[in-house]
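For the record, the sequence lines run as chains G and E.
Position 58 of the first sequence, counting from 1, maps to 58 under my numbering, and the rest follow consecutively.
For any residue, its number in my numbering is found by taking its place in the second sequence, counting from 1, and adding 1000.
Don't be surprised by glycine CBs; every beta carbon is placed ideally from N, CA and C.
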Amino acid sequence: MQIPIEYYLILSAFMFSVGVVGVLTRRNAIVVFMCVELMLNSANLTLITYSSYLGDTVGQLFVFFVMAVAAAEAAVGLAIIIAIFRNKLTINIDEINILKW
Amino acid sequence: MNFESLNTSLQFLKPEIAVSILLVVVVLFDLIFQNNKKALPVISITGLLVTGYFIIEQFTLNGYAFNLLTADAFGAFFKLIVALSAIFVILFSISSSEIIRCEDRQGEYYTLILGMVLGMFLISSATDLILIYLSIELLSLSSYILAGFVKTVERDSEASLKYVIYGGVASGVMLFGISIIYGLTGSTNLYTINSILQSAQLGGFTFIFAGFMVLSGIGFKISIAPFHFWTPDVYEGAPITITAFLSVASKAAGFALLVRFIKITFFDSMSESGYWILLNVIDWQSLLVLLSILTMTLGNFAALWQENLKRMLAYSSIAHAGYLLLAVAVLSNEGLIAVLVYFSIYLFMNLGAFFVVMLIANKIGSEDVDDYKGLGSSVSFLGVALAIFLLSLAGLPPTAGFIAKLYLFIALIDANMVTVAIIALLNTVVAYYYYVRVLKNLYLVRKEVEMEPVGVSFGNKIIILLLLIPVLVFGIYFTPIVNLAKSSIAFIGF
């Protein structure tokens, strides 16, 4: 039985929303990063879905690039979290607040 | 792909190839001659000058490379701005006390700056959504690290963390928008998407939504409201050289991308008087006018009560992004000329202001406006230079900033957007207040403690003069930049 394309799209839209809500509500910098990754992966799912629906390989190709970029971004992000942990001994983003207004 | 087409494509990529080679050379030099950090900026500047030669060659070119990039005068103009500001920023870095402190990591610093330059080169000529996403990420990842380069200082690492979180979200949203556009049109090439939009009545809500998502990613780079919230924090926390670079070069690349995205993807036809008639998918003009009024008002009013000069300049750069967006919103060739003129002047005055703030901060160890009280006599040369740069940013004649604003307002009034022009004019009046407040503190407030004169080294004097002379000369004799801008609006395909 073929699964209709809408199911994939709804799943990816749901994943994207979870990511956005997570970024806005969670206070731990690492969890915020995981939510950003979730947003990227939901875009990947959309790309793959359309790619197989349209019979076009460009979408799948794009996903490889996105995965590489997501890995690089995670590496940079974690390095920055380590740098801030050394300075402040916390990664709670509510307590990282010397720069405001 | 046969050998000949590969060869032509590579011909169009000379500046990008030159920067890539330079990047590798800097990394290798840093690895092999570990004790010779002094040579790194020299190598970088020499390489960028060679790149600049290739960019000037590109002004007469017209063609596609690999169906991903275009080589045209418009892209070359923005690449020239990026390369010039990179050269100035490297010159600033040599005497920046923040960067000198990180003696052992100089190699990484220059490599990452060149990584940003490469990303911005690709952004300003990309015509494919895949390349647009990748080059934005190349620029972003390098700048995340540079924003927190002085990693032992709390302020730097906080700026870096905020930048990477906001940036990650913005690029995630943009990528989701790109994936929807790909699904609706079946292509990632902007020209193909344009021809699909012209033939089929696509659209509806989904396409508009995806367009907004892509716009938010670009809007993040050029820091327009409501995607500006990272700008003040990152600009204040980052090393001042990087702040200067972000505020000029990264913004220029973002604007090049915005103009290219709108003009290629939604282009329908060109009216006789040079106005672009866009496809009836999204009402770009109202949207951009709304965003730009929001941006400049927010930037100018928030700048009024800033105590830190770097943060004030951050808000002022948000306001300038608003003016520039207004020039884009005219959606005509005249508006585009105004954007190019504005950028070529903004480059000198903004870099100059940041450089003087950096030199004063090197000496007095503070960027607070209150600490500038009565400094006027002890920083004689720097004070005068800062005054000229700030008055130019405010747009006072006879400085070049006036010419930049003049072209913007002429374009607005020719397009019958008088109400918007009046709002922008009122905004520039508000801006006078916070620029002049710095000068008041410098010259009209009495000294609290005696300061010994702050000297400027000969090299730094030359750098300031290199920035100061264009600001003054272009205010009176501006024909060359206007002619350059007029010849640079040629887009490939139109």
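DSSP places residue 1032(E) in the helix class (H, G or I) of the three-state scheme. Taking the beta carbon of residue 1135(E) as reference, no residue of chain G falls within 8 Å; the closest one sits roughly 11 Å away.
For residue 1268(E), the uninterrupted beta strand (DSSP E) segment begins and ends at 1267–1270. Non-local beta-carbon contacts of residue 1357(E) in its own chain, meaning distances under 8 Å to residues more than five positions away in sequence, involve 1240, 1309, 1310, 1313, 1367, 1386 in chain order. Residue 1244(E) has its alpha-carbon roughly 9 Å from the corresponding atom of residue 1085(E). Taking 7 Å as the cut-off between beta carbons, the residues of the segment 46–78 of chain G near chain E are 46, 47, 50, 54, 56, 58, 59, 62, 65, 66, 69, 72, 73, 76, 77, in sequence order.
Cβ neighbours of residue 1279(E) within its own chain (closer than 6 Å, five residues either side excluded): 1197, 1266, 1268. Comparing alpha carbon positions, the residue from 1376(E), 1295(E), 1345(E) closest to residue 1360(E) is 1376(E). Taking each of 1039(E), 1014(E), 1031(E) in turn and checking the Cα distance to residue 1069(E), the smallest one comes out for 1014(E). Under a 10 Å Cβ-count criterion, residue 1304(E) is classified as exposed, with fewer than 16 other Cβ atoms of the shown protein chains found around its own Cβ. For residue 36(G), the chain E residues whose Cβ falls inside 8 Å of its Cβ are 1165, 1168, 1169, 1172, in order along the chain. Taking 9 Å as the Cβ-Cβ cut-off, the segment 1100–1134 of chain E approaches chain G at 1129, 1130, 1133, 1134, given in chain order. Taking every protein chain shown into account, the CB of residue 1248(E) has 16 or more other CB atoms within 10 angstroms, so this residue is buried. Here residue 1063(E) is bridged, per DSSP, to 1071(E). Identification of residues in the segment 1174–1199 of chain E having a C-beta nearer than 8 Å to some C-beta of chain G yields 1175, 1176, 1178, 1179, 1180, 1182, 1183, 1186, 1187, 1188, given in sequence order. Spatial neighbours of residue 1347(E) in its own chain (CB-CB distance under 7 Å, excluding positions within 5 residues in sequence) are listed in chain order as 1081, 1084, 1085, 1248.
With contacts defined by Cβ atoms closer than 9 Å, residue 1341(E) and residue 1222(E) do not form a contacting pair.
For residue 1131(E), the enclosing alpha helix (DSSP H) covers residues 1129–1147. Taking a C-beta cut-off of 7 Å against chain G, none of the residues of the segment 1358–1384 of chain E qualify. Judged by their CB atoms, residue 1051(E) and residue 1073(E) are not nearer to each other than the 9 Å cut-off. When Cβ pairs closer than 8 Å are counted between the two stretches, the segment 1168–1179 of chain E is seen not to touch the segment 1145–1152 of chain E, the count staying below three.
Residues of chain G with a Cβ closer than 9 Å to the Cβ of residue 1159(E) are, in chain order, 99. At a beta-carbon threshold of 7 Å, the residues of chain G lying near residue 1144(E) are 76, 80, ordered along the chain. Chain order gives the chain E residues near residue 23(G) as 1169, where near means a beta carbon separation below 7 Å. About 6 Å separates the beta carbons of residue 1171(E) and residue 1217(E), which is inside the 8 Å limit, making them a contact pair.
Assignment of residue 1126(E) by DSSP, reduced to helix, strand and coil, places it in the strand class.
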